[in-house]
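Note sheet for the following structure.
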Amino acid sequence: MFCFQCQETAKGTGCTIKGVCGKTADVANLQDLLLYVMKGIAINSLQARELGIVRQDVDKFVMEGLFATITNANFDNARFVALVREGLALRDSLKADIVKAGGVLPANLHDSATWTADSAEEFDQKAAQVGILATENEDVRSLRELLIYGLKGMAAYAEHAFALGYEDNSIFAFMMKGLAATTDDSLSADQLVALVLEAGKYGVDVMALLDKANTTSYGNPEITKVNIGVRNNPAILISGHDLRDLEDLLKQTEGTGVDVYTHGEMLPAHYYPAFKKYAHFVGNYGNAWWKQDKEFDSFNGAILLTTNCLVPPKDSYKDRLFTTSVVGYEGVKHIPSREAGKVKDFSAVIELAKILPAPTEIETGEIVGGFAHNQVFAVADKVVEAVKSGAVKRFFVMAGCDGRMKSRDYYTEFAKALPQDTIILTAGCAKYKYNKLELGDIGGIPRVLDAGQCNDSYSLAVIALKLKEVFGLDDVNQLPISYNIAWYEQKAVIVLLALLYLGVKNIHLGPTLPGFLSPNVAKVLVENFGIAGITTVDDDMKIFMGA
Ligand code: SF4
Ligand code: SF3
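In my numbering, the protein residues as written are 575 to 1121.
Below you can see the structure in the form of structure tokens.
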């Protein structure tokens, strides 16, 4: 195996024996093979699209397949074997459609579009030849992988929008174009860089689509105090990013005596008006994903993982854990997908929850959030006035991911060290590094404004663009906003590419720069966009505050 897609990759260069995340070599290899098969599908899909053939089943397969290979989403060997088989069959039926429509399949089709097999042994053999290291030139490899990771993040957000009935053919078409491009040896490094930046455009589009899907379905997030204590009822803990799953679960638990709590990235669900009406939607339990090995233990009840980040479960709670959608783990019960027009059936989760004890309290109090674009615009006058009067000197966008590494304590210390006249704008699970600190407020504006999940980083960009307009500036970089972003997995990659597309410069990325950036590709990002890493809190503070 070789995988270097996340921030915790071994030695900062690549996991080669087993993933730091717990992914086995078998699963890593099958994920590589699935990606290879999807590249072949993409090549055929581009030709089919030219003939006017757009197959939703194919687009959906690629979207879900990309999502399934995201860090901490799926560790289930058998699931990937099945997906590879399904992918090969879909690819061949797409080819048949092309021929039926009068198209001629090119004689020199890439191997990914022609290779076929059926047995797990053949899959293993092929997987060993088509991984990341099969691309020998390190800069081409770096750019191809950067593009693929952007596509994975894009696919994740597209999937959430899709679950709510929102889709955009141009986003699917770009996924196919991007995947196919990673098989094209004739592309120059400059052409690959252009594709990576184009991914940023579709990153903006997909986050805008998801924002529309979420706010149309559930209303605009509003300022909300979220309880972090517990009640004395049996309960279900729901984690991940899928709001549709939450909606189905809340409806099915109503009146059953089972409470529902959020964990990790599901916390922002409390900010939506549509979910506030459920009296049994009690609060948020615990912190970011990587603390689940302890927090799932003390929660005592049933747990539902709707998306990443799943950590290989401990035996102490494995029997109480359920996965759904693209998430999977061998030996953990899986809730099947929703049939068209129906709700997902969570009765197995609910029935188990009923016979389990109530959660053990691990903290008490409240956290405040709900500052997505609409809510911030509602208090825009106050914000603008605070900037004009000098009460607010600078905003710090500290969105992104949390993770296990001790070096991430930097973000807690950075938040504490920020001058009192600064405000943190956050989104994603990165917030857990400072959202329980008492950082106070400035004239009633909290010093930590949480816009929501990682995909709601879009909201932060919308807010920045609005401020640019209000202050009559030509360039978003003239605003008193600094970007100190934490990353872990591939959704953060598409958020980063989206920010670059919107023209944001001088983003600091930590706790370490991606291992998949070759020195030359890193140089391109530094020279063109001012991307930088982090150093110490003191030194970085001087840079950010212009001292
Ligand atoms: Fe390693 Fe991260 Fe890949 Fe897991 S996802 S195998 S930790 S690089
Ligand atoms: Fe967190 Fe996985 Fe990235 Fe959605 S839950 S931000 S790490």
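Just so you know, even glycine gets a beta-carbon here, dropped at the ideal spot from N, CA and C.
Setting aside the 5 residues that flank it on each side, residue 751 is surrounded in the same chain by 620, each with a C-beta closer than 7 Å to its C-beta; the list follows chain order. Sequence-distant Cβ neighbours of residue 940 in its own chain, meaning closer than 7 Å and more than five residues away, are 799, 800, 801 and 802.
Under DSSP, no beta-bridge partner is assigned to residue 578. Judged by DSSP in its simplified three-state form, residue 835 adopts strand.
At a Cβ-Cβ threshold of 8 Å, residue 1054 and residue 982 do not count as neighbours. In the displayed model, residue 906 falls within coil according to three-state DSSP, outside both helix and strand. Sorting 669, 615, 683 and 735 by C-alpha distance to the C-alpha of residue 657 places 615 at the top. Pairing residue 917 with residue 734, the inter-Cα distance amounts to about 15 Å.
With contacts defined by Cβ atoms closer than 8 Å, residue 784 and residue 852 do not form a contacting pair. Proximity to residue 1085 across 901, 653 and 976 peaks at 976, based on C-alpha coordinates. By the neighbour-count criterion, in which 16 or more other beta carbons inside 10 Å mark a residue as buried, residue 711 falls on the exposed side. In the structure shown, the three-state DSSP call for residue 806 is coil.
Exclusion of the five residues before and after residue 654 leaves 601, 604, 605 and 608 as the residues of its chain whose Cβ lies within less than 7 Å of its Cβ.
Taking the Cα of residue 921 as reference, the smallest distance to any Cα among 878, 592, 848 and 758 is reached at 878.
Considered as a whole, the stretch 887 to 943 harbours 895 to 898, 907 to 909 and 940 to 943 as its complete beta strand (DSSP E) runs of no fewer than 3 residues, in chain order.
If only complete runs of 4 or more residues are kept, the stretch 816 to 866 shows the alpha helix (DSSP H) at 817 to 827 and 847 to 850, in order along the chain.
Distance from the CA of residue 590 to the CA of residue 844, rounded to the nearest whole angstrom, comes to 40 Å. By the criterion of a C-beta distance shorter than 6 Å, residue 596 is surrounded in its chain by 886, once the five residues flanking it on both sides are discounted.
Exclusion of residue 638 from the 7 Å shell around the ligand SF4 follows from its C-beta lying no nearer than that to any non-hydrogen atom of the ligand. Residue nearest to residue 935 within the set 805, 849, 1025 and 893 is 805 (criterion: CA-CA distance). Residue 970 is bridged by DSSP to 998 and 1056. Segment contact: the stretch 633 to 644 against the stretch 685 to 700, fewer than three CB-CB distances shorter than 8 Å; contact not assigned. Between the stretch 887 to 897 and the stretch 829 to 845 there are fewer than three C-beta pairs closer than 8 Å, too few to call the two in contact.
Residue 1004 places its beta carbon 8 Å or farther from that of residue 1038.
Beta-bridge partners assigned by DSSP to residue 1084: 1060. For residue 1080, the number of other beta carbons within 10 angstroms of its own is below 16, and it is reported as exposed. Between the alpha carbons of residue 741 and residue 1041 lies a distance of about 29 Å.
Per the Cβ contact rule, the stretch 1103 to 1114 is in contact with the stretch 984 to 1002 (3 or more Cβ pairs under 8 Å). Across the set 782, 755, 776 and 996, the C-alpha of 755 shows the shortest separation from the C-alpha of residue 766. Assignment of residue 585 by DSSP, reduced to helix, strand and coil, places it in the helix class.
Contact check for residue 627 against residue 687 fails: the beta carbons are separated by 8 Å or more. With a threshold of 7 Å, the Cβ atom of residue 1062 counts as near the ligand SF3, since some heavy atom of the ligand is closer than that. Residue 743 sits exposed, since fewer than 16 C-beta atoms from the chains shown fall within 10 Å of its C-beta. For residue 1005, the shortest separation between its Cβ and any heavy atom of the ligand SF3 does not lie below 7 Å. Distance from the Cα of residue 994 is smallest, within the candidate group 980, 1015, 1009 and 1011, for 1015.
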